Every structure is written in structure tokens, then in C-alpha cells.
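A.B. asks: What follows is a structure written as C-alpha cells; I'll ask about it next.
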Amino acid sequence: MDLSLSPEQREIRKLAREFAEREVKPRAETIDHSGEFPRDLIDKAARLGLLGILVPEAYGGAGLDHVSFAIFVEEVARFCASTAVILDVHNSVGTEPIVLFGSEEQKRRWLPDVAQGKKLAAFALTEPEAGSDAAHLKTTATRRDGGYLLNGSKIFITNAGEAGLYVVMAATKPGSGADGITAFLVGGDNPGLHVGPKFKKMGLNGSAIAEVYLENCAVDESDRLGDEGQGFRIAMRALDSGRIGISAQAVGLAQGAFDDAVAYARERKQFGKPIAELQTIQNKIADMAVKIRAARWMTWKAAALCDAGLPFTKEASMAKLFATDATMDITLDALQVFGGYGYLEEYPMARRVRDAKACQIYEGTNQVQRVVIARELERA
Amino acid sequence: MDFALNDEQRQIREMVHDICLERVEPRAAQIDESGEFPWDIKELFAKHDILAIPFTPEYGGVSGNALTLIVAVEEISKFCTTSSLILSVQSLGSLPIWLAGSEAQKRKYLPPLARGEQLAAFALTEPGSGSDAGGMRTRAIKRGDTYVMNGSKTFITGGSVADTIVVFARTDQNGDAPARDISAFIVEKTMPGFKVGKLEKKMGIRGSPTAQLFFEDLAVPAANRLGHDGEGFKLAMQVLDHSRPGIAAQALGIAEGAFDLARRYARDRRQFGKPINEFQGIQFMLADMATQIEAARALTYAAADALDHHLPDISLSSAMAKLFASDTAMRVTTDAVQILGGYGYLRDFPAERMMRDAKITQIYEGTNEIQRLVIAREVLKEKA
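If you're matching them up, the sequences are chains B and W in order. As numbered in my numbering, residues 1 to 380 make up the first sequence, in order. As numbered in my numbering, residues 1 to 384 make up the second sequence, in order.
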């Protein structure tokens, strides 16, 4: 057992922390209140090489491991969960399917642009009637000369409208369930791809989430990722490491809330002493600290297993479930430590509660995580 | 970053598992029912060098690695918590000697403990001072080359079967501040004036004797004092930092044992025409139990790893592991009883015993309320 970070991992933490504190922190409140997409932060992250974390160096990326990826997402999420999820989705589910399943030609065509941030990536699986039940997609891919025509609609697509690349799952054999699904790489400039208006949400206001419509969207044979029928497997593998990213996002959100709550508790005086000296506040601090540490170890363990080429589906689901549930509790408790001030939007505590809720829902609701875990346990 | 156990740890886990499956599991219900100390299990552990795991080879042991010990305690606890305490207390009672003993003290006391010929115990708690250990009243007054000890200790795990007991007492040498007035002594059960009082009747860990100890003009040679006069309080806190991951491991093992039982039961038990593990109500309980166990394991192993690598925040990581793993054990064993339904409530199945055993892990070596104080103090110190 070696639980220390490698020099590379410490380096990315330092870089990500500086980026988060210098660039992200001052922008977070405005992003939340205006609902603007933080293109400026994405561009700055791109210049630091943070948009190709998992992309091999041969294709212009940083070629780092998943522990580094988790560290990076956590650091950004400490200050702004919107920015974190944009970068998380781009680096994991948006990019990794090409790294893992792409042909040499596809890698050369897409990865350098993606890694340099010239194209932001999105992952289009969910549909209005196929959320967690992703094997029953209604979007179809029909063969035509030299390629396919995609038709259907996707919903809850993070980075929709901002992305230059969409990894789209469609049924090449409708009605065949998981075996009939195929993955495609669709450019954001494809005339058959349309994006609906950005949804108004409870939180993650800076993250663009919208519907994506595919209307006779023509793609070439060479835009098919993997074989026909391999799409479901590609999607599930993408989601496994996507869950590492969401866990890391949750850990960062929780850590940010915790840091603010502790700082506030040390300064806020009631009954003649800082509230940090009251046991009821100390108990909250202790419980928050324990859950954050457990969640971080679980996230890093799933990431380390992934990096070692070992199975990590169960561990990633456990990390996602635990970290996001913990983060909901922690952001609420941290707001409570602030009392009435926590409820005001001029402090970041309410925003973190609103942002945390999404973590329990996306990349598979926590109910679906329990289904995955129960299934994996029975396999053991 | 690598979360895998090394070869030594894997081999010891496998060996302990096999022995416990064959010899300990069949005895667990009897041990609980009779409430008697399982001398046969102690001999079994001695024979297979399981009691030698906490000790380094130079003192007759086989490991001395914190994580290896944690893995062994976890494995035994899956089958029988009382039996795991034989190993845990051997470690707890010898830790003060290991941490603060002179070379001569180590050479004299550790090898017989490593061989399992003798048993150790750790005597800190008193009737009037539990978590507030600084308030202890046992005194050891220096007279020439000996200290004359008077007082009593309570809740001493293994106190009635131990040969070597590390006792903490005030020495009235450096004023009455606990941090400077308390010293630790190695007491042998054969020393005149050492008396064992009544054994407590308990909710769980019933085969592990919890004793009152009395010291009546007990003469302890000055050579048996650990470290300098007045260093006892600091030593006690240091010992607890080292031993709390062991309680976490015990709690983790109890939770894993209960989870495994519940999972197997849910696979076999049929209602409404199918196994109950095909109902989401049960599946989600099992998923939550497994996830909590995974979190507890991460914290526990990380705490042991921190000890092995002498990381600076062991008070924090040990308290976190103890708190989280013991709360997990309580929840998971309660849910395991629930999954077994009416059968879970019966003595015929081990689930209810595991639940009774789990409760103590939230209480001893510092209640979980004390762990929260330790954690909050460390966090606030860190952020100062």
C-alpha cells in the first residue's frame, strides 16, 4: 500500500489549486448569479493544459492518470462547481471514449483540438424517455451511403451549445436493447445538430445544460466510434470514470463548504466566545471532516484501480454514492453553521447546497448507483 | 497510489481467515453464551504466531507492521469479536512498552507476549475518570527504589487474565497537572497487592473479561516505570493514537461479517416467489451497507498506513477511522439483523451477537463523542 501522491500528482494539485484560487474563486459568484458560461475560465484552463488531462501526450494532451484528474476536478470544485462540471465532462465522458475506443484516425482528428480546448466535448446519452434505462434509446442511426443518418433528441446534455464535439449514442438496431446501440462522433458544426435553449436550473448555473436535437444529422462511416453495437459498452465505461469525476467534484464542493464553515466558526462570536468552541459546532466540524476524508479516499481508490487497469465499476459507484450524499449533508451543515447569513446569496453557502443536489442526480442517480453496487456485489 | 495489500499482509490475512473459519467460527456462539475467556483460542493464536503479529522480529515477533495487525484483527472480527480482542489487547497492553520502554524492559517483557506465553493489559480508566483520564486518583508514591501504588482501575479488558499490565498512576512528583503528574508502570500480576475485582456482565464481547483491578500497597520497582516520571499522560494519548485503528479494524470486521451473513441470507431466503435480494428494498440496504464498509475500510487502512509511515496527523486519522468504522459497524449490524427478520433476532444466528458486539466499538478507547472532540481539536489546530 502506498497512499502518497506521486510528484506528478502533487504538481497537478499545485497547478490546479493556483488556477482555482487565482482565476476561479473571484468569478464564482458572478457566474452563478448571471448564469453565464465561463468561457474565459475554460480558455485559461486550456492554456494551462487542463483540457487534455487524460489525453495521451502523442495527441497533444497531458497524458495524466485518473488520480490526477480527480485532484484537478476537486480543486476547481472547491470554488465553483459549474466550472468543475464543465471541465469534468469535457475531460472524462466527452474525451475518454475517443482515447479508449477511437481509431488512430479519429484520435488524430479530434484529440489535439479537444486537448487544446479548441473544441469542448459533450456526451449525449440521456433522452427524455431513457434516463437511467439507457439501453432503450429512441434516437436512431440509419445506414445510408458511406455513413449514417441520426434522428432523435437528447436531454440534460452538459456543455450543449458550447461543445465542438458530441459523443452521441444512437440505436443502429432499435428494439435490440443494449446490443443495438452504437456511438458516434458528431461535430458541433454539423448542420443536422440543433441545440435547444439552456435550461434554468436550481444550481450549476454556469454550466450549459440543454436538449440536443438530431434531425437527419449525417455522419460518415468514419465517425462511428467502435463497432456497431458497441455503444452501450462504450457509454458504460465512460460513465464509470465519469463517476470518478463527479465524486471528485462532490469532494471539492464539500471541502470548500467545510473550509468556509470552519473559518466562520472561528470568527463568529456568540455567548462571549467563538462558536467553534461550542461542542455542537465541533461535532458538525468533526463529522464533516470524516466524511470528506472518506469520500476522497474512495474517489482516489476508484481512480487508482482504473489507472492500474483493474475493475473499478463498483468502487466508482460507491465513491459517487458516498461522496455525493456526504456532500449534500455537508453543504447543508456548513450553511447551518453560518446561520441566517448562510441563507443569503452574498455568501457561497446557499450556492453550494444548490450545486450539491445535482451531484446526487447526474451520471446516474444515487438510486441507480445502488442498483449498480447491488449487481456488482452479486457478481463477487 | 496503490491501495493493495503487500504479500505479507495478504498471506497473514489468508492464514488468519482459514484458522478462524475452521476453529473460531464454530466456537463463537459458545464463547458468547458462556461468557468465559476462550483459553483454547488464545493457545491457537499463540501456536500460529498470530499473537506475535504486533511485535518485530527482534523482540520475538513476526511483523510489527500496523497495517498487517489491522488486517489480522479485521479478519478475526468477522468471526468472533471476543477472539479478536485477545490480539487487540495484546497489542494495546504492549504498546506502552514498545513506545516508551527501555531496551531492558522491552527484552524482558515483549518476547513472552510475542510468544503468547503471557497476556498483556492496559489500565488507564478509573471509576471516576473515563474519557477525562487526567482526573485519575490511583497514586504511586516513590519510596527509594520502589513506587507504592494504591487505587483501582475499572473496565480493564483482559485485566483478569493478563500477566503484564501497564498501569497509569499519579506520582505527585511534578505538581498536580495531569500532563506532568502521571506516570506509567509495568505491573506483574504476581506482585503482592495486585487484586482482581469482579468481572462485569456485558451486552456483548462476553468472552472478553472486563475486570476491576485493585492495587493495595503494591510495590512496583522503579525499574518498571516507563519513560520518565510525569510522561504517562502523553504516553497514554500516544498509545490511543496507535490503538484506535485497531478498534476501527475490529468494527470493520464485525460489519463485514454481518454484511456477508445478510448477503448470503438474502440470496437464499425466498418470499413472494423469489429471493429477497431481488427486491430493491433489500438491494439498496445491501448497497448502502457495502458502501459504508468501503468508506470505513479506506479510513482504517489509511490510518494504519499513516502509523507505518510516521505521518504527522495520526491523532486525526486514527480518531476518524475509529469514529466512522464503529458507527458503520453499528448501522450495518442493525441492518443485518433487519434483513434476517425474526431470525436475525434469534440466538440461532450470529447477527444479533454481532450487533451486541458492535455497540462496544462506539464506546471504548474513547467514546465516539470523544473522537469528535479530538477530530475538531485537530482540525481547528490545523486551520489556525
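Idealized CB from N, CA, C, for every residue including glycine. None of these values were measured; they are calculated from a predicted model.
1. Can you tell me where the beta strand (DSSP E) holding GLN212 of chain W begins and where it ends?
2. Would GLY93 of chain W and THR164 of chain W be called neighbours here (beta carbons separated by less than 8 Å)?
3. Between the C-alpha atoms of LYS284 of chain B and LYS291 of chain B, what's the straight-line distance to the nearest angstrom?
4. Give, in chain order, every residue of the segment 156 to 188 of chain B whose Cβ lies closer than 7 Å to some Cβ of chain W.
5. Here's a check: name, in chain order, each residue in its chain whose Cβ is nearer than 6 Å to the Cβ of LYS42 of chain W, leaving out the five neighbours to either side.
6. Using a C-beta cutoff of 8 Å, does ASN151 of chain B count as contacting chain W?
7. Can you list, in chain order, the stretches of the alpha helix (DSSP H) that have 4 or more residues and sit fully within the segment 134 to 185 of chain W?
8. According to DSSP, simplified to helix, strand and coil, what is GLY197 of chain W?
9. For the beta strand (DSSP E) containing GLY187 of chain B, list its first residue and its last residue.
10. Between which two residues does the beta strand (DSSP E) carrying ARG382 of chain B extend?
11. Less than 8 Å between C-beta atoms, sequence neighbours within five positions excluded: which residues of the same chain meet that for LEU87 of chain B?
12. State the DSSP-derived secondary structure class of PRO112 of chain W, mapped to helix, strand or coil.
13. Starting from LEU261 of chain W, trace the alpha helix (DSSP H) in both directions and tell me its first and last residue.
14. If distances are taken between C-alpha atoms only, which option among W:GLU36, W:TRP39, W:THR68, W:LEU44 comes closest to ALA4 of chain W?
15. Whose C-alpha, out of W:TYR343, W:ASP357, W:ALA304, is nearest the C-alpha of MET330 of chain W?
16. Would a check of beta-carbon distances place LEU239 of chain B closer than 8 Å to chain W?
17. For GLY231 of chain B, collect the residues of the same chain with a Cβ closer than 6 Å to its Cβ; drop the 5 residues on either side in sequence, then sort them by chain order.
18. Whole angstroms are fine: how far does the CA of GLN255 of chain B sit from the CA of ALA319 of chain B?
19. So, for THR82 of chain W: in the same chain, excluding its five sequence neighbours on each side, which residues have a beta-carbon less than 6 Å away from its beta-carbon?
20. Using a Cβ-Cβ cut-off of 8 Å, state whether TRP300 of chain B counts as contacting chain W.
21. What does ALA304 of chain B reach in chain W if we use C-beta pairs closer than 7 Å?
22. Between the alpha carbons of THR190 of chain W and LEU218 of chain W, how many angstroms are there, rounded?
23. Beta-carbon within less than 8 Å of HIS33 of chain B's beta-carbon, same chain only, minus the 5 sequence neighbours each way: which residues are those?
24. With a cut-off of 8 Å, do at least 3 Cβ pairs link the segment 142 to 162 of chain B to the segment 9 to 26 of chain W?
25. Identify whether PHE322 of chain B lies in helix, strand or coil by the three-state DSSP scheme.
26. Is it right to say LEU316 of chain W is buried, meaning 16 or more other beta carbons lie within 10 angstroms of its own, or is it exposed?
27. Among the residues of its own chain, which have a CB less than 8 Å from the CB of THR138 of chain W, if the five just before and after it don't count?
28. Please name the residue or residues paired with VAL212 of chain B in a DSSP beta bridge.
29. Could you round the C-beta distance between SER247 of chain B and CYS306 of chain B to whole angstroms and report it? I think they count as a contact, below 8 Å.
30. What residues in its chain sit with their C-beta under 7 Å from that of GLU363 of chain B, if we drop five residues either side in the sequence?
31. Does the segment 305 to 319 of chain W come close enough to the segment 21 to 30 of chain W to have 3 or more Cβ pairs within less than 8 Å?
32. If MET136 of chain W and ILE186 of chain W are in contact, beta carbons under 8 Å, what's the gap, nearest whole angstrom?
33. Does GLN230 of chain B come within less than 8 Å of chain W when only Cβ atoms are used?
34. Applying the criterion that 16 or more other CB atoms from any shown protein chain within 10 Å of the CB defines a buried residue, is LYS301 of chain B buried or exposed?
35. On the criterion of 16 or more Cβ atoms from any shown chain inside 10 Å, does THR313 of chain B qualify as buried, or is it exposed?
36. Cutting at 7 Å between CB atoms, please list the residues of its own chain near GLN292 of chain W, excluding the five before and the five after it.
C.D. replies: To lay it out plainly:
1. 210 to 221
2. yes
3. 11 Å
4. none
5. ILE86
6. no
7. 178 to 181
8. strand
9. 181 to 187
10. Outside the displayed span of chain B (1 to 380) sits residue 382 of chain B, for which this structure offers no information.
11. ILE42, ALA45, LEU50, LEU51, PHE72, VAL73, VAL76
12. helix
13. 232 to 268
14. W:THR68
15. W:ASP357
16. no
17. MET169, ILE181, THR182, ALA183
18. 16 Å
19. ILE31, ILE205, GLY207, SER208
20. yes
21. MET1, ASP2, PHE3
22. 10 Å
23. ASN205, GLU345
24. no
25. helix
26. buried
27. GLU126, MET149, ASN150, GLY151, SER152, LYS153, VAL167, PHE168, ALA169, ARG170, PHE215
28. B:LYS154, B:VAL195
29. Between CYS306 of chain B and SER247 of chain B the Cβ distance is about 12 Å, and since that is not below 8 Å, they are no contact.
30. LEU239, GLY242, ARG243, ILE246, LYS320
31. no
32. The pair is not a contact, with the Cβ atoms about 17 Å apart (cut-off 8 Å).
33. no
34. buried
35. buried
36. THR328, ARG331, VAL332
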